[in-house]
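In the working numbering, the protein residues as written are 2 to 269.
The beta-carbon is built from N, C-alpha and C at its ideal position, and this holds for glycine as well.
Bear in mind the structure is a predicted one, so any value in this text is a computation, not a measurement.
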Amino acid sequence: MKKTITTIVVVSSVILIGTKAYQTSSNPMLGMTGAPGEQNCTQCHSSNPINSGSGNVEIVFNNGSNSFQSGQTYPVTVKVSQSGISKFGFEITSVASSNTTTGAGTFASTNTNVTVGSQGGKSYALQKVAAATSGSGTFTFDWTAPATSQGDITFYASGNAANGNGNMTGDNIYTTNLKISPLTTYFQDSKIDNEVVCFTNQKTLYLFSQYLVGKTAVSIYSPTGNLVKQIDLDSDNTEIRCDELASGLYILKLKNQSASFTKTILFD
Numbered sequence: 002m003k004k005t006i007t008t009i010v011v012v013s014s015v016i017l018i019g020t021k022a023y024q025t026s027s028n029p030m031l032g033m034t035g036a037p038g039e040q041n042c043t044q045c046h047s048s049n050p051i052n053s054g055s056g057n058v059e060i061v062f063n064n065g066s067n068s069f070q071s072g073q074t075y076p077v078t079v080k081v082s083q084s085g086i087s088k089f090g091f092e093i094t095s096v097a098s099s100n101t102t103t104g105a106g107t108f109a110s111t112n113t114n115v116t117v118g119s120q121g122g123k124s125y126a127l128q129k130v131a132a133a134t135s136g137s138g139t140f141t142f143d144w145t146a147p148a149t150s151q152g153d154i155t156f157y158a159s160g161n162a163a164n165g166n167g168n169m170t171g172d173n174i175y176t177t178n179l180k181i182s183p184l185t186t187y188f189q190d191s192k193i194d195n196e197v198v199c200f201t202n203q204k205t206l207y208l209f210s211q212y213l214v215g216k217t218a219v220s221i222y223s224p225t226g227n228l229v230k231q232i233d234l235d236s237d238n239t240e241i242r243c244d245e246l247a248s249g250l251y252i253l254k255l256k257n258q259s260a261s262f263t264k265t266i267l268f269d
């Protein structure tokens with residue numbers, strides 16, 4: 002009888018250890034994004050110092066526009082990369098930049114390899130199933146901005162480039178962050194707005210200003226903050242064709258070494 006009891010205890014221990022390893026690879030603990038006041042994935046995957054490997058983790062918000070409007074939903078992508086690795090995981094949260102202990106916005110899963118959770122007033126997105134592609138793993142999901150403005154918001158993400166040995170040793174952990182700004186703040190008028198002559202004729206935009214010297218970055222946004230067109234404008238070229246855009250109001254942002262300013266434009 003004593004021998005039987007000992008065997009059961011050993012088998013149970015193996016099952017528990019295996020379950021813990023599986024849960025960590027598919028549903029990591031919350032609060033491991035590297036955000037202020039949080040830990041990161043090296044709490045468990047501790048073989049290598051943070052950000053010491055040859056890879057990285059990056060956050061892409063709304064196809065790179067990095068601006069948002071209260072209450073709107075936007076796509077977010079987290080990509081973890083490292084050459085020679087084919088198993089990747091991640092965790093991300095979003096907080097108000099002015100108060101990093103306050104969660105800002107909520108995440109929603111849009112595919113089967115991402116799940117979401119909440120803890121301490123913060124929303125999280127994390128891998129449900131580790132990405133198993135050579136060299137990099139990509140996770141895409143949605144984020145909805147707070148209904149009322151909290152100012153700038155910062156995403157914090159921790160990514161795991163795992164060696165696939167079935168335990169928590171030998172993996173590389175990377176962290177990053179990305180700040181985004183509300184559209185109403187990002188597009189405040191500047192003192193030189195009145196010095197820019199801007200008009201449209203059907204789907205052609207014409208610009209005239211003493212500040213259009215050298216290369217000027219031209220960005221056109223929808224009213225909800227989606228980047229719909231972006232080009233570099235030379236000082237001797239002030240005509241922009243926008244045939245692909247639907248009729249309606251847009252927000253124009255111009256930026257060069259001399260100035261940065263915005264205008265509201267209408268395509269009829």
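- Within the segment 40 to 87, no complete alpha helix (DSSP H) segment of 4 residues or longer occurs.
- Taking a C-beta distance under 8 Å as the contact criterion, ALA162 and GLN83 qualify as a contact pair.
- Taken through DSSP and simplified to helix, strand or coil, ALA109 comes out as strand.
- Under the Cβ criterion (8 Å, minimum of three pairs), the segment 40 to 51 does not count as touching the segment 97 to 104.
- Distance from the CA atom of ILE221 to the CA atom of VAL229, rounded to whole angstroms, is 6 Å.
- Take the alpha-carbon of PRO76 and the one of GLN70: they are about 13 Å apart.
- Taking C-beta separations shorter than 8 Å and ignoring five residues to either side along the sequence, the partners of THR205 in its chain run GLU240, ILE241, ARG242, CYS243, following chain order.
- Going by DSSP, PRO183 is part of the beta strand (DSSP E) stretching over 173 to 183.
- Distances from the CA of SER53 to each of GLU245, ASN202, GLN231, ILE174 were compared; the closest alpha carbon is that of ILE174.
- Within the DSSP secondary-structure output, VAL229 pairs in no beta bridge.
- ASP269 has no beta-bridge partner at all, per DSSP.
- With fewer than 16 other Cβ atoms from the protein chains shown falling within 10 Å of its own Cβ, ASP269 counts as exposed.
- Taking the C-beta atoms as reference points, THR177 is found no nearer than 8 Å to GLU39.
- Within the segment 124 to 162, no run of alpha helix (DSSP H) at least 4 residues long lies entirely inside it.
- In the three-state reduction of the DSSP assignment, GLU240 falls in the strand class.
- In the structure shown, ASN100 adopts extended strand secondary structure according to DSSP, grouped into three states.
- In the DSSP annotation of this structure, the continuous segment of the beta strand (DSSP E) that includes SER119 starts and ends at 115 to 120.
- Setting aside the 5 residues that flank it on each side, THR34 is surrounded in the same chain by ASN41, GLU92, ILE93, THR94, TYR125, TYR157, ALA158, SER159, THR176, each with a C-beta closer than 8 Å to its C-beta; the list follows chain order.
- Within its own chain, no residue has a Cβ closer than 6 Å to the Cβ of MET30 once the five positions on either side in sequence are excluded.
- From the listed residues SER87, ASN202, THR217, the smallest Cα separation to LEU255 is found for THR217.
- Setting aside the 5 residues that flank it on each side, THR111 is surrounded in the same chain by THR141, PHE142, ASP143, each with a C-beta closer than 7 Å to its C-beta; the list follows chain order.
- Residue GLN258 holds the alpha-carbon nearest to the alpha-carbon of GLY215 among GLN258, GLN128, TYR251.
- SER66 and PRO224 have their C-alpha atoms spaced approximately 13 Å apart.
- Judged by their CB atoms, THR134 and SER87 are nearer to each other than the 8 Å cut-off.
- Residue environment for GLN120: exposed (fewer than 16 other C-beta atoms within 10 angstroms of its C-beta).
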